[in-house]
Amino acid sequence: MAKGIQWFNINQSIKPNDTFTFLHCIIMMLIDSVIYMLLTIYIENVFPGEYGIPQVWYYPFTKTYWFGFDTKKIRQRTEEMGPPVNQNENVEKELGDIGIEIINLSKYYGNKMALKNLSIKFYRNMITAFLGRNGAGKSTTWSILTGLIPPSTGTAYIDRYNILTDIKIVRQRLGFAPQYNILFDLLTVKEHLEFFSKLKDAPNELIQSETEKMLKDLILEKKAENYSTELSGGMKRKLSIAIAFIGNSTTVILDEPTAGVDPFARRAIWDLILKYKPKRTIVLSTHHLDEADLLSDRIAIISSGELKCVGTTMYLKRKYGEGYNLIIELITDENEYRQQQQENNSNLITNTNSSLNSIHFSKLTEFLRKYMFDIRVKEEHGNQITYIIVDDVEHTRIFPIMLADLDENKTKYHIKNYGLSNSSLEQVFLRVADEIKRPEDYERLSSKKKIQNRIRKLFTKHEVVNNPTNENENNDDQIQMNTRLSDDWSPYTAERYSGIHYIAIQIMGLIIKRFHRTKRNRKGFIAEILLPIFFILLAMLVIKLSPNQNEPPMLILHPWYWNKPNYIFQSLSTDDTSLISKSIQQTFTQPPSLGTRCIKTTIFNKKFYPCMNKTFDYVYIPTNSDVMNVLNNINYNQTRISPECDCWEKMQTCPMGSGGPAANYDITQTGDILYDLQGYNITDWLIKTEYNIEYLMKRFGGFEFLLQSVSDSYDIINETLINQIINITDLTNQLLSMINSWKIAPLFRIFPPRVSVWYNNKGWPSSVAFLNIFNNALLRGLLLQDNSSIDVNDYGITTINHPLPETERQLDTDLQSRSALEMFTAICIIFALAFIPASFLVFLIDERITTSKHLQFVSGLKGITYWCGNFLWDLTNYCVSIAICMIIFLIFNIESYVYKTNFLCLLLLLFLYGFALIPLMYSINYFFKTPSTGFVVISCINISIGLITTISTFILETIDEEIDLKRINNILMKLFLIFPHYCLGRGLFDMSRIHATNVFRLKYVSGYVPISPFQMDIVGRNLLSLFFQGIIFFLFAILAQYRFFIPDRGCVRTPKNLKSLNEDDDVAAERERIYSDPNNTSYDVLRMVDLVKVYGWIFGKNFIAVKQTCVGVKQGECFGLLGINGSGKSTTFKMLTGEISMTDGNAYVNNYSVIKQLDDVRQNIGYCPQFDALDLLLTAREHLYFYARLCGIKQKNIPFIADCLLKRLGLTLWADRPVKQYSGGNKRKLSTAISLIGNPTIIFMDV
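Start counting the sequence shown at 1; every next residue gets the next number (UniProt numbering).
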């Protein structure tokens, strides 16, 4: 009865003498789980994704990883820097209980400085706004405070705990809301709050009560059981901020708490922060200065990694603001105006009015200077004048008297109205944060660079050189106040390419962009170069390691192919044994021992078949008394029959003493065990010890020397008998008379055997191998018998088996085995080329999801040009990969692929595979929203289709007996031609198979004409199919781009009664104006006429996003489109730019219809989408050059226009860095620059 795997036999093998057990499998799986877990941790740390800080690849070998940061060194560097740097004139006096104290904090990334000696205190029960320009060092500060990265120097204390030594305690008391919402899709709102509370080790009672309280305060009680994906943007933001406060966090850091939310959600977040302010230290960063002004008790401003000022709002305004602004608006008397016009005799109304206002302004100024002698005129504009008054106690005391007199003299000085306001926080921020950016301010010089600078100073004159770049960089605001934004480069945008030249420039721009992206794309390099090389090399390795069927090697027949040691036996009877038998038996234990392995001129490899140099050992095994008692009981000494074995179970079970007593043995020079079975019954010993574990697959033969017979030979037919037979037959037969009986008689003489050579037929060469060992022993025995002093080490016989010429059946077998190898090679090539088109898909999905593709269309690029340019680059890039593959084939000289016409066939097959599959990827990209998911899924699909189709036809083809299967296979081989993967795999297989057939038939068939692989029934049909597939798939991609299969208005009907019943009067008036002016006589540059957008399907649920919008915008207007999140602002922009279709209505840009004349519309607009449509691997300069080419700007003007935009938007220092290194603000600046690049008539800014 079978037992199966049990606990008692888990470490036992199913086969005797096999060391591999089920326990080994379990142990290896446990080891694998540990290895894969460690590998996962390593990859997670090195490639953490978007929201993490990557470690260096060798981080497990760093000291800080195992022992933490060297706090002593950091403290030592901090102490060497001295006490905290504190600018007394810029920092308001300390107050309250300290929640966070930062001391001389510095951080360097290589030689780049992110923070420089930052020292600041944040107080409990206060909200402190931490402000700064993009890239000022705010995010680095948060990363250090939360323990993500260590500081280079300095430290920080949070609730009096050091972040270097007590980071675990700090994290339990710290709450952090990052700029972007980091929520779990499959957790509810309540589960989020409970989960993060437990992470901070909060008590269960506190978790329950605090969660309910937080849900109530957030007004999210009805959404408590909803997943985070079901929340609006404002709700997600409130949840992220609640997570920061949950778990009784005493210190809370909020990074852009109201980023991307509407005013209603923004106000709710403000209320939440103010409500949870008591007993907490709250630090927030924001770019909304009004938010900082309203929420914050104190404000800190950082610039270039350095703290510039800290204090209350009033303190900073008083110190850095320009003072109070007194704005007075005048009114001109008509009679006085006519009189002044007659005196001047001028028709220029503007100049007359201006001169009259100047007189009034001068009188007014003289009046005000009676109270404040230092009052200054800031600006005069039309009828309005603005004064600046110093903000101090002396001046504020005079305000009541001065303003009272101003009210009394309104008529005298022609004052219409006036207002008094203090400096805004924005003025303070621009004055403090807008510092000159010098490289030495944010870059730590290496020792090599310091030496270079010192040598340069020795050989150069000390001259002050102004840096025009930095000057321009920091004078942007002044320039923008004096000139229009596009005045510098607008004349240069007038020159545009047209016609074929314009299309060529656009394609060139696409190729240049892809080139810059590819050279920085490491993942693409792995998928497009390294993976194909790996799989091709794997195929080459298998081909080279496979045995050569053309010239099979010779085989040496010997008994040492199996396990070691080899158990051999010999038996020499002591009674009546011939001398030659004794001589032969002695050679087994004398050099060179068994066979020819240890002779001087052996052909054996000494590394694999060594010989022992020591003297031979004879091992005596004492007889066990229990065994002897058993043997004596059955009279073993006389019968030589040991106890019988039991065979009732599957394996024979033998009792004690079976096979006889333990035998003595010699250890030979070859390392084998040579048993001495003198006096044993060989048959009995072999049978009853067959399944002993020590002998399994180790005992394959032996020698038994027989007793010497009475006669040396026996004649079966003697001469007398032969002569009698001849006499009986016809004497007239002359042939019989010629027979000599004495020559024939020895042919029928037999010699009795003197030795028996035993062999085990489980060892396939054992019969010949042991016979050869005996022949060597016989040779040496005879030599020693003739001359006892002869050196037998020079004599031996080696048995070699040479292969016979192959039969027709063997040739067929070889072809079948070769077919399997060819199929494996085809599979490896399918694997190699499956990743290249899939890597192109990553780029396409990324451009579509980030709306970069749409932004290119808005910039003037047409769909067919976009796909042609990308197809040209992708095909070129693919050709580089297949060129490397072809080189590998040539290096390894695989004749199946490089022999004459096969090489051209392989080249065409690989090229046309890319030609067909790349356009297919273009159509597939619409099914994915995540580039990584698209890459993995499409790679698997490419591999699966190639393997399934190719292997299935191969298997069906090998089954010759079934006619129906053969017919099905013929149908499938034609049907599968629609798949490029099958055309490649099957083409490679058929090409290599026909080459093998040609080689064999040329060798054995005279006059054979080789078959060309280009024949239609071989590879020709595959090549033709690939060619037509490429054309069809590319046309399908073009049709999909132009929505050929989708109606212009989409698949949703316009609902009835969309017009609002409670429409505002201004909205109704604007609608009526649009209706009454169908020819646009009012010259609106933008007109939206009953614009409607409905999302959904004809038979499904519909959602109305935009409802009959009617509005017109005139030239020079700045039109604001406001609304809460989800009100339809972004949808409106998407319809106006052609990203999505309009359900109903129409829009016109410069009288061009968005529906009918979209290409003309896009020539007149610029677009800055809500989310930055940027390529993270391109620089700002490369972006601007690319979009300038798309707009058709002359190549000679592009550098000037790009430089102007970079300077105006403050991106000069970042111009040549990849966008992935930019802060969110710098990305936004670049998106703005792209919308301005073509100097469009109308610009859509979706913020």
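Glycine included, C-beta positions come from ideal geometry on N, C-alpha and C. Note that the structure is predicted; figures quoted are calculated from it, not measured.
Nonlocal neighbours in the same chain, by C-beta distance under 7 Å from residue i, ignoring five residues either side
i, result
"residue 524", "518 and 839"
"residue 861", "506 and 1190"
"residue 1240", "1164, 1165 and 1166"
"residue 957", "969"
"residue 12", "21"
"residue 1197", "492 and 495"
"residue 316", "299, 309 and 428"
Within 8 Å, strictly: CB atoms of residue i and residue j
i, j, result
"residue 911", "residue 898", "no"
"residue 1130", "residue 1170", "yes"
"residue 922", "residue 1023", "no"
"residue 306", "residue 116", "yes"
"residue 747", "residue 757", "no"
"residue 1158", "residue 1219", "no"
"residue 568", "residue 672", "yes"
"residue 204", "residue 154", "no"
"residue 238", "residue 272", "yes"
"residue 429", "residue 283", "no"
"residue 391", "residue 250", "no"
"residue 112", "residue 152", "no"
"residue 137", "residue 1223", "no"
Cβ neighbours of residue i in the same chain (closer than 8 Å, five flanking residues each side left out)
i, result
"residue 468", "Per-residue confidence for residue 468 stands at a pLDDT of 38, beneath the threshold of 50, marking its modelled position as unreliable; the derived number appears in the next sentence. Answer for residue 468: no residue qualifies."
"residue 1181", "1202, 1206, 1215 and 1216"
"residue 658", "642, 643, 644, 645, 688 and 689"
Residue i to residue j span [Cα, whole Å]
i, j, result
"residue 993", "residue 1041", "42 Å"
"residue 762", "residue 803", "21 Å"
"residue 298", "residue 126", "8 Å"
"residue 942", "residue 174", "48 Å"
"residue 978", "residue 953", "14 Å"
"residue 825", "residue 1025", "22 Å"
"residue 243", "residue 1246", "29 Å"
"residue 603", "residue 595", "12 Å"
"residue 801", "residue 701", "19 Å"
"residue 416", "residue 359", "16 Å"
"residue 1230", "residue 1237", "10 Å"
"residue 478", "residue 167", "A caution first: residue 478 carries a pLDDT of 34, below 50, which makes its placement in the model too unreliable to give a value."
"residue 909", "residue 35", "41 Å"
"residue 637", "residue 630", "11 Å"
Same chain, Cβ closer than 6 Å to residue i, five either side skipped, listed in chain order
i, result
"residue 984", "913"
"residue 618", "666"
"residue 699", "567"
"residue 765", "557"
Whole-Å CB distance - residue i paired with residue j, under 8 Å assumed
i, j, result
"residue 905", "residue 1013", "5 Å"
"residue 1110", "residue 1089", "6 Å"
"residue 375", "residue 385", "In fact, because the Cβ distance is near 11 Å, the residues do not count as touching under 8 Å."
"residue 705", "residue 581", "4 Å"
"residue 881", "residue 836", "5 Å"
"residue 132", "residue 200", "No, residue 132 and residue 200 are not in contact; Cβ-Cβ is about 29 Å, not under 8 Å."
"residue 292", "residue 425", "6 Å"
"residue 570", "residue 677", "7 Å"
Which full runs of the alpha helix (DSSP H) of 4+ residues lie inside the segment 878-936, going along the chain? 895-898 and 901-924
Contiguous alpha helix (DSSP H) assignments of at least 4 residues, all confined to the segment 1057-1099: 1065-1076
In chain order, which continuous runs of the beta strand (DSSP E) of length 3 or greater are located wholly inside the segment 369-423? 376-381, 384-389 and 415-421
Inside the segment 543-610 only - alpha helix (DSSP H) runs reaching at least 4 residues: 579-587
Inside the segment 1144-1169 only - beta strand (DSSP E) runs reaching at least 3 residues: 1144-1149 and 1165-1168
At 3 residues or longer, and completely inside the segment 183-265: list those beta strand (DSSP E) runs for me, N to C. 251-255
Complete runs of the beta strand (DSSP E) confined to the segment 746-782 [at least 3 residues]: 755-759
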